[in-house]
Amino acid sequence: MSHGRVGLGLDAHPVEAGRPCRIGGVEIDCPVGPVGHSDGDPLLHALTDALLGAVAAGDIGQHFPDTASENAGTDSAEFVRHALQQVVDAGFRVVNVDAVVQCDRPKLAPHREAICANIADLCHITPGLVNVKGKTLQAWPDGARDAIHAQVIVLLAPMTTAADLVGDDD
Ligand code: MG
């Protein structure tokens, strides 16, 4: 019989004033935003790595090199969709997603519901199967604070029927 799989992803981006701030695919009004080659969304990058890791498909840098000009400014949802396709091609579906986002700004709480809904949509699961926890960086030394860190773990189960795939029919 085929067993489930877990995958783990970790990412961190420094932030700079005046940059757009997108976390988990949700645009957040904030004086600072993550610096990155793509849109710099650390949560979606960690999710991408978690999905790829669960099916032993390498990491985001192998699939989307940050030296490639076509990845500049990319919507990180594209990375997640690509990783999810690897999951489906390997015969699995996402069971649930748990995440931690660590940053001093923005505050995650007002956006948590929208982030969970967006990740659920990207992973073809219901929002109740996604959890995102916000943590501050207060315990970190000065100078290490202005960054956004994200960790994601996913559980996959073997896909037994086509009905296991929740469609994007909304
Ligand atoms: Mg990244």
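Just so we're on the same page, my numbering is the position in the sequence shown counted from 1, plus 57.
A virtual CB, placed ideally from N, CA and C, is assigned to each residue, including glycine.
Judged by beta-carbon spacing, A207 lies within the 9 Å limit of V158, meaning their Cβ atoms are closer than that value. For P88, the CB stays at least 8 Å from every heavy atom of the ligand MG. Under the three-state reduction of DSSP, Q119 is assigned to helix.
The beta strand (DSSP E) runs of length 3 or more contained entirely in the segment 154 to 220 are, from start to end of the chain, 187 to 192, 204 to 215. Cβ neighbours of P88 within its own chain (closer than 7 Å, five residues either side excluded): A74.
For a cut-off of 8 Å, the C-beta gap from D96 to G130 is around 6 Å, short enough to register as a contact.
For a cut-off of 8 Å, the C-beta gap from D123 to D116 is around 12 Å, too long to register as a contact.
According to the DSSP secondary-structure assignment, R62 is paired through a beta bridge with L213.
At least one heavy atom of the ligand MG is found less than 8 Å from the C-beta of S95. Excluding five sequence positions before and after G110, the CB atoms of its chain that fall closer than 7 Å to its own CB belong to G64, L65, G66, given in chain order. Sequence-distant Cβ neighbours of Q195 in its own chain, meaning closer than 6 Å and more than five residues away, do not exist here. For D146, the shortest C-beta to heavy atom distance toward the ligand MG is 8 Å or greater. With a cut-off of 8 Å on Cβ pairs, the segment 127 to 142 is in contact with the segment 174 to 186, counting three or more such pairs.
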